[in-house]
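Same order as they appear, the protein sequences are chains D and B. So in this note's numbering the end of the first sequence lands on 341, straight run, no missing numbers. So in this note's numbering the end of the second sequence lands on 341, straight run, no missing numbers. For glycine and all other residues, C-beta sits at the position ideal for the given N, C-alpha and C. For clarity, every value in this text was computed on a predicted model and none was experimentally measured. Before any comments, here is the structure.
Number of protein chains: 2
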Amino acid sequence: MTPPAPPSIDILALGNAIVDVLTHVDDAQIDALPVNKGGMTLIESITAAALYSALGPGLECSGGSAANTVVGAAMLGARTAFIGRVKNDQLGGIFTHDIRAAGVRFDTPPATDGTDTAMCLVMVTPDAHRTMCTHLGASVELGPDDVDEAVVRDSAVLYLEGYLWDPPGAKEAMRKAIRIAKDAGRAVALSLSDPFCVDRHRADFLELVDNDVDILFANESEITSLYETDDLDSAMHSVTPLVKVVTITRSEHGAVIAGDGDMHIIPAEAAVQVVDTTGAGDLFAAGFLAGWTQGRNLHDCGRMGAVAAAEVISHLGARPEADLRALVSDHLK
Amino acid sequence: MTPPAPPSIDILALGNAIVDVLTHVDDAQIDALPVNKGGMTLIESITAAALYSALGPGLECSGGSAANTVVGAAMLGARTAFIGRVKNDQLGGIFTHDIRAAGVRFDTPPATDGTDTAMCLVMVTPDAHRTMCTHLGASVELGPDDVDEAVVRDSAVLYLEGYLWDPPGAKEAMRKAIRIAKDAGRAVALSLSDPFCVDRHRADFLELVDNDVDILFANESEITSLYETDDLDSAMHSVTPLVKVVTITRSEHGAVIAGDGDMHIIPAEAAVQVVDTTGAGDLFAAGFLAGWTQGRNLHDCGRMGAVAAAEVISHLGARPEADLRALVSDHLK
């Protein structure tokens with residue numbers, strides 16, 4: 009097999025294209041809802057409207073897990089692209105503007121009919137944790153035809169969010185992209201996204217991890233959910249032989265990275281004030297992959313992830329506000 | 009004349025119904041645009057799209073000057089209502105949700121065709137000052153039929169933003185509302201909004217101040233623009249005989265209030281960090297009017313305005329995030 013040509017894109021992400029509505033709530037409001045505190049619940053259009061009208065004033069901000077990751081990676085100098093579906097409505101215009109303005113290539117044509125651009129109601133409790141309700145909207149229109157073979161072949165890393173296993177067409181799009189990437193000798197990265205998402209798609213995710221994933225991103229509850237165990241160590245022993253690299257984020261306890269036959273303990277970066285944890289995992293992946301595609305060692309990749317995550321939890325919203333590149337050069341001297 | 013029945017609404021505002029797009033820019037970007045730094049420039053639909061595409065990622069937040077004021081006043085316990093026009097699109101839905109969620113009565117039916125809900129591109133420079141470009145959109149559809157006579161008669165204060173003089177139908181709506189309010193013995197309050205807006209409508213504003221306005225809100229550059237003078241003292245001497253109360257906000261120098269034959273010097277409240285001055289004048293008016301409709305003295309009304317303004321400049325966006333009522337009871341012990 010001839011070695012693949014050098015890619016012109018560092019990270020290509022496939023994900024749900026979502027605009028977040030960020031609101032402050034108290035714990036009683038979360039308790040009264042049929043949702044998993046700290047998790048992501050899928051909601052239908054009608055429920056979305058009813059829930060929205062019960063919430064306080066919001067701030068709107070482009071989101072989407074994998075989209076947040078490529079935006080963060082782009083801010084760290086990575087060459088990035090995104091595949092995901094919006095509708096040609098106002099929120100779709102906002103999503104498109106924001107991801108392109110961050111330097112991410114985004115060419116998926118918007119849906120011209122059907123449901124609106126996806127919206128995620130992000131409810132932030134006083135403990136700074138977020139509970140999310142997502143109306144997938146136009147994201148469910150994503151399908152294999154949206155995956156441009158040339159772009160996948162031209163990307164060093166194909167990054168997939170587990171959430172994309174929910175819309176049926178998107179699953180096919182992911183499988184197609186994975187086949188192309190493997191065939192071209194590129195790395196496949198997967199984020200497990202959410203423990204309840206892992207519950208919904210465990211068999212598929214296990215099969216993916218067994219066969220296709222090179223770099224796996226998860227937090228403690230996601231990886232233990234995947235292997236249906238309470239014990240992180242046991243889950244780590246199950247997963248490490250199967251992938252090249254696995255990163256486990258552990259909130260204020262930092263992260264653990266297993267790869268290259270070694271284990272790295274990454275401390276959390278001190279955040280001045282934790283305001284909203286939305287996007288912490290997405291930005292860890294952003295920093296890690298930006299480092300990885302720059303050829304950095306796993307420890308430094310992890311530290312870049314920790315720096316990017318600390319930035320995004322210091323304010324409302326899942327897109328970085330500060331100059332990530334400057335933060336990384338300050339912290340990784 | 010029989011005295012008016014006690015009103016069931018404290019403050020009814022008429023204003024442009026706008027969603028803000030907040031972005032960080034540097035001074036060079038502002039210098040390159042045909043806009044007034046620190047001011048508000050009206051832009052057409054095409055220009056709006058071109059400017060938007062040249063800006064970085066944004067945060068979306070409901071805005072509109074008079075709308076910000078009634079939201080702030082509602083958070084301080086005032087009974088409030090708002091008249092303004094959105095379209096029945098996604099941004100219109102966001103505006104409607106946010107103002108109602110803040111406790112403001114808002115019943116103006118949305119436009120079902122024509123241009124989109126108004127959008128304001130708010131460009132925040134590193135000095136925390138904001139420069140605004142507004143696409144009036146559906147706001148221009150506001151007209152006298154939207155002014156419900158019973159609601160105006162039932163409101164202690166009719167609050168008008170000078171910006172509303174730009175859309176032609178809105179001007180008629182304002183004149184109708186003023187006639188009803190005066191006839192019912194209610195107070196009419198006007199914000200001069202912006203020195204360039206004063207330039208556009210000086211003759212009308214002078215006539216309003218002469219004949220109809222009871223409470224006038226302005227900053228230094230607006231009041232000096234109105235009387236075409238460089239001297240604040242001279243402008244104050246021109247305006248004080250004409251209105252019951254005039255409040256002049258002076259940024260970090262606080263405010264001056266003339267009324268009841270007396271002059272009050274209100275110090276600025278110390279803001280922890282000035283992040284974005286958007287909404288400072290709107291929230292000063294909110295605090296002032298909330299105090300005024302509670303029967304407080306002019307000094308305390310001014311201090312309530314200063315507290316509300318200090319909150320809104322401590323973060324991005326023109327709607328308060330903190331508990332204004334708690335802040336006021338802390339500061340006005």
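1) Identify, in the order they occur along the chain, each residue of the same chain with its Cβ nearer than 7 Å to the Cβ of residue 218 of chain B, setting aside the five sequence neighbours on each side.
2) Distance check for residue 82 of chain D and residue 17 of chain D, CA to CA, integer angstroms please.
3) For residue 59 of chain B and chain D, any beta-carbon pair shorter than 8 Å?
4) Could you tell me which chain D residues have their CB closer than 7 Å to the CB of residue 105 of chain B, listed as they occur along the chain?
5) Going residue by residue through the region 19 to 91 of chain D, where are the continuous alpha helix (DSSP H) segments of at least 4 residues, counting only ones entirely within it?
6) Could you tell me the alpha carbon to alpha carbon distance between residue 162 of chain B and residue 14 of chain B, rounded to whole angstroms?
7) Check this for me: beta carbons of residue 19 of chain D and residue 70 of chain D, under 8 Å apart or not?
8) For residue 131 of chain B, which residues does DSSP report across the bridge?
9) Counting beta carbon pairs with one atom in the region 23 to 37 of chain D and one in the region 133 to 153 of chain D, are three or more of them shorter than 8 Å?
10) What did DSSP end up calling residue 336 of chain B once you bin it into helix, strand or coil?
11) Which full runs of the beta strand (DSSP E) of 3+ residues lie inside the region 266 to 333 of chain B, going along the chain?
12) Tell me, please, whether the CB atom of residue 65 of chain D is closer than 8 Å to any CB atom in chain B?
13) I'd like to know if residue 149 of chain D contacts chain B, where contact means its C-beta is closer than 8 Å to some C-beta of that chain.
14) Taking buried to mean at least 16 other C-beta atoms within 10 Å of its own C-beta, is residue 120 of chain B buried or exposed?
15) According to DSSP, simplified to helix, strand and coil, what is residue 341 of chain B?
16) Going along the region 75 to 101 of chain D in order, which residues come within less than 7 Å of chain B, judged by CB to CB distance?
17) Which same chain residues, not among the five before or five after residue 155 of chain B, have their C-beta less than 6 Å away from its C-beta?
18) If I measure Cβ to Cβ from residue 221 of chain B and keep anything under 8 Å in the same chain, skipping five residues before and after, which residues do I get?
19) Just to confirm my understanding: we take residue 64 of chain B, look at its own chain, exclude 5 residues before and 5 after, and list those with CB closer than 6 Å. What are they?
20) So is residue 69 of chain B in contact with chain D if we call contact Cβ pairs under 8 Å?
21) Got a sec: does the ligand ZN put a non-hydrogen atom nearer than 7 Å to the Cβ of residue 64 of chain B?
22) Does the count of Cβ pairs from the region 201 to 210 of chain D and the region 259 to 277 of chain D closer than 8 Å reach three?
23) Residues of chain D with CB under 7 Å from residue 110 of chain B, in chain order?
24) According to DSSP, residue 161 of chain D sits in a beta bridge with which residue or residues?
25) Alpha carbon to alpha carbon, what distance is there between residue 66 of chain B and residue 29 of chain B?
26) I'd like the list of long-range same chain contacts for residue 229 of chain D, defined as Cβ closer than 6 Å, with 5 residues on each side in sequence excluded.
27) Ends of the beta strand (DSSP E) at residue 257 of chain D?
28) I believe residue 169 of chain B touches residue 74 of chain B by the beta-carbon criterion, under 8 Å. Please report the beta-carbon distance rounded to the nearest angstrom.
29) Check distances from the C-beta atoms of the region 203 to 231 of chain B to those of chain D and list, in chain order, the residues that come in under 7 Å.
30) With contact counted as at least three CB pairs below 8 Å, one residue from each stretch, are the region 38 to 50 of chain B and the region 111 to 127 of chain B in contact?
31) Taking Cβ-Cβ distances shorter than 9 Å, what residues in chain D pair up with residue 124 of chain B?
32) Would DSSP call residue 96 of chain B helix, strand or coil?
33) Assuming residue 143 of chain D contacts residue 52 of chain D under a Cβ cut-off of 8 Å, what Cβ separation, rounded to an integer in Å, is found between them?
34) I think residue 277 of chain D touches residue 314 of chain D, with their Cβ atoms under 8 Å apart; what is that distance to the nearest whole Å?
35) Does the distance from the C-beta atom of residue 26 of chain B to that of residue 147 of chain B stay below 8 Å?
36) Could you run through the region 316 to 327 of chain B and flag, in chain order, every residue whose CB is less than 8 Å away from some CB of chain D?
Let's see:
1) Indexing the second sequence from 1 puts residue 218 of chain B at position 210. So the list reads 250, once near-sequence residues are dropped.
2) Indexing the first sequence from 1 puts residue 17 of chain D at position 9. Indexing the first sequence from 1 puts residue 82 of chain D at position 74. Per the coordinates, the alpha-carbon of residue 17 of chain D lies some 11 Å from the alpha-carbon of residue 82 of chain D.
3) Sequence index remark: in the second sequence, residue 59 of chain B carries index 51 (1-based). No, because no Cβ of chain D sits closer than 8 Å to the Cβ of residue 59 of chain B.
4) Indexing the second sequence from 1 puts residue 105 of chain B at position 97. For residue 105 of chain B, the chain D residues whose C-beta falls within less than 7 Å of its own C-beta are 60, 61, listed in chain order.
5) Counting whole runs of 4 or more residues, the region 19 to 91 of chain D contains the alpha helix (DSSP H) stretches 35 to 39, 53 to 62, 73 to 83.
6) The residue given as residue 162 of chain B occupies position 154 in the second sequence. The residue given as residue 14 of chain B occupies position 6 in the second sequence. For residue 162 of chain B and residue 14 of chain B, the gap between their C-alpha atoms comes out near 8 Å.
7) As a first step, residue 19 of chain D is located in the first sequence; it is residue number 11 there, counting from the start. As a first step, residue 70 of chain D is located in the first sequence; it is residue number 62 there, counting from the start. Not in contact: residue 19 of chain D and residue 70 of chain D (Cβ atoms no closer than 8 Å).
8) For the purposes of this step, residue 131 of chain B is identified with residue 123 of the second sequence, where counting begins at 1. Residue 131 of chain B is bridged to B:31, B:139.
9) Yes, the region 133 to 153 of chain D touches the region 23 to 37 of chain D.
10) Locating residue 336 of chain B in the second sequence gives position 328, where the first residue counts as 1. Residue state, collapsed to three classes: helix.
11) With a minimum length of 3 residues, the continuous beta strand (DSSP E) runs that stay inside the region 266 to 333 of chain B are 270 to 274.
12) The count along the first sequence starts at 1 and reaches residue 65 of chain D at position 57. It does; some Cβ of chain B falls within 8 Å.
13) What you label residue 149 of chain D is simply residue 141 of the first sequence in a count that begins at 1. Residue 149 of chain D has a beta carbon lying at 8 Å or more from every beta carbon in chain B.
14) Looking up residue 120 of chain B in the second sequence gives position 112. Burial call: exposed.
15) Sequence index remark: in the second sequence, residue 341 of chain B carries index 333 (1-based). Coil at residue 341 of chain B, not helix or strand.
16) Answer set for the region 75 to 101 of chain D: 97, 98, 99.
17) Taking the second sequence and counting its residues from 1, one reaches residue 155 of chain B at position 147. Around residue 155 of chain B, the same chain offers 181, 184, 185 as residues with beta carbons nearer than 6 Å, after the five sequence neighbours per side are excluded.
18) Here residue 221 of chain B corresponds to residue number 213 of the second sequence, with the count starting at 1. Here residue 221 of chain B has 196, 197, 198, 250, 251 as same chain residues with Cβ atoms under 8 Å from its own Cβ, once five neighbours each way along the sequence are excluded.
19) Here residue 64 of chain B refers to the residue found at position 56 of the second sequence. The beta carbon of residue 64 of chain B sits closer than 6 Å to those of 31, all from its chain and outside the five residues before and after it, given in chain order.
20) Indexing the second sequence from 1 puts residue 69 of chain B at position 61. Among the residues facing chain D, residue 69 of chain B is included, as its CB has a counterpart in that chain under 8 Å away.
21) The ligand ZN is absent from the structure shown, which contains no ligand whatsoever.
22) No, they do not touch.
23) Mapped onto the second sequence, residue 110 of chain B falls at position 102. Result: 65.
24) The count along the first sequence starts at 1 and reaches residue 161 of chain D at position 153. According to DSSP, which records beta bridges pairwise, residue 161 of chain D is partnered with nothing at all.
25) The residue you call residue 29 of chain B lines up with position 21 of the second sequence. The residue you call residue 66 of chain B lines up with position 58 of the second sequence. C-alpha separation (whole angstroms): 6 Å.
26) In the first sequence, residue 229 of chain D corresponds to position 221, counting from 1. The beta carbon of residue 229 of chain D is closer than 6 Å to those of 203 in its chain, skipping five residues each way along the sequence.
27) On the first sequence, position 249 is the one that residue 257 of chain D refers to. Per DSSP, the continuous beta strand (DSSP E) segment holding residue 257 of chain D begins and ends at 253 to 257.
28) As a first step, residue 169 of chain B must be located in the second sequence, where it is residue number 161. As a first step, residue 74 of chain B must be located in the second sequence, where it is residue number 66. The Cβ separation is near 4 Å, so the contact holds.
29) The residues in question: there are none.
30) In short, these stretches do not touch, since the Cβ pair count stays below three.
31) Position 116 of the second sequence, counted from the start, is the residue given in the question as residue 124 of chain B. Residues of chain D passing the Cβ test: 98.
32) Residue numbering aside, residue 96 of chain B sits at position 88 when the second sequence is read from its first letter. In the structure shown, the three-state DSSP call for residue 96 of chain B is coil.
33) Taking the first sequence and counting its residues from 1, one reaches residue 143 of chain D at position 135. Taking the first sequence and counting its residues from 1, one reaches residue 52 of chain D at position 44. With 8 Å as the limit, residue 143 of chain D and residue 52 of chain D qualify as a contact, their Cβ atoms being about 7 Å apart.
34) Here residue 277 of chain D is taken as the residue at index 269 of the first sequence, counted from 1. Here residue 314 of chain D is taken as the residue at index 306 of the first sequence, counted from 1. Yes, they are in contact, since the Cβ atoms of residue 277 of chain D and residue 314 of chain D sit about 5 Å apart, within 8 Å.
35) Translated into positions along the second sequence, residue 26 of chain B becomes position 18. Translated into positions along the second sequence, residue 147 of chain B becomes position 139. Contact: yes.
36) Cβ contacts with chain D: 325, 327.
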